[in-house]
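All the letters of the sequence shown, read from the start, carry residue numbers 0 to 216 under numbering that gives the first Met the number 0. Glycine is no exception: its CB is placed at the ideal position from the N, C-alpha and C atoms.
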Amino acid sequence: MDLNLICYKCGASSKDKKFVDYLCIDCFINERKKRIPDELSIKICKICGKMKVSTWTRDIEKIKEELTKKFSKYNPISINIKEDEVIITFFDNVEFDKNIKIRREYTLCEVCSKVRNKYYEAIIQIRKKEEKVKETKMKIEEEKLEEIKDEVIKLLKNKTFITKIEKLKFGYNIYVGSAKDILPLISKLKIPLKITRKLYGESAGKKIYRTTFLLRV
Ligand SMILES: [Zn+2]
Ligand SMILES: [Zn+2]
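What follows is the structure in structure tokens.
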């Protein structure tokens, strides 16, 4: 028996076109596309350029992963990120693409806003012993301190962020935005270390501590 279907949206006949669920394939796809948002908002950091769908990142693969999650109920199978839009291929009985416009929201990422506010949770103090030494020896000590300062900066890079560096008569202060990764990193220097932690204040019901790491050179 030859069952002839007529699309109730456009009047096309199943003799001419593939049908899905009593609709011609084009009308079926249009209906599915309507359920998927036309726009998508992505935050962009004005300073460092990192992007955020759900977490701040520069990694396009990570953004694709998060978009896949975001659109998971529509069953995305591939994502292509362009300048002003993302083209997502979905599968629901058939494969189809939808171009979703990117709405950019320029803001500051967590790290850049903390740096801008000179926020810090820790100070790394690099100090030499406060004793009088000969002019020539002093130069060697200064160089040694600077070397250690550079070493500390190198160790912290990419793991946490530095908001300020001060040069003092007897050494350096390095202000660090997040205290949590510091200890394992600077322990690598194998320099005697003294740690003190003080309650600094409260913000949004959360206690804020400031930790001082003293490196005695
Ligand atoms: Zn139709
Ligand atoms: Zn940033």
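Item                                                                                                                      : Value
Asp180: CB within 7 Å of a non-hydrogen atom of ligand 1                                                                  : no
Ranges of the beta strand (DSSP E) found wholly within the segment 95-180, counting only runs of at least 3               : 121-126, 161-167, 170-175
Endpoints, the alpha helix (DSSP H) within which Arg209 is located                                                        : It is not in any alpha helix (DSSP H) - Arg209 instead sits in the beta strand (DSSP E) that spans 205-215.
Ranges of the alpha helix (DSSP H) found wholly within the segment 49-77, counting only runs of at least 4                : 59-69
Any 3 or more C-beta pairs closer than 8 Å across the segment 109-126 and the segment 167-179                             : yes
Glu201 (DSSP reduced to helix, strand or coil)                                                                            : strand
Distance between beta carbons of Ile80 and Lys100, contact taken as under 8 Å                                             : Rounded, the Cβ-Cβ distance is 12 Å, inconsistent with contact.
Those residues which DSSP pairs with Arg196 across a bridge                                                               : Thr210
By C-beta, the residues closer than 6 Å to any heavy atom of ligand 1, given in chain order                               : Cys6, Lys8, Cys9, Ala11, Leu22, Cys23, Asp25, Cys26
The segment 69-76 / the segment 89-96 touching (three or more Cβ pairs under 8 Å)                                         : yes
Closest Cα partner of Lys14 within the set Leu4, Leu22, Lys8                                                              : Leu4
Cut-off 6 Å between Cβ atoms - residues of its own chain near Lys32, not counting five sequence neighbours on either side : Lys97
Straight-line gap, Ala11 to Ile24 (C-alpha atoms, nearest Å)                                                              : 10 Å
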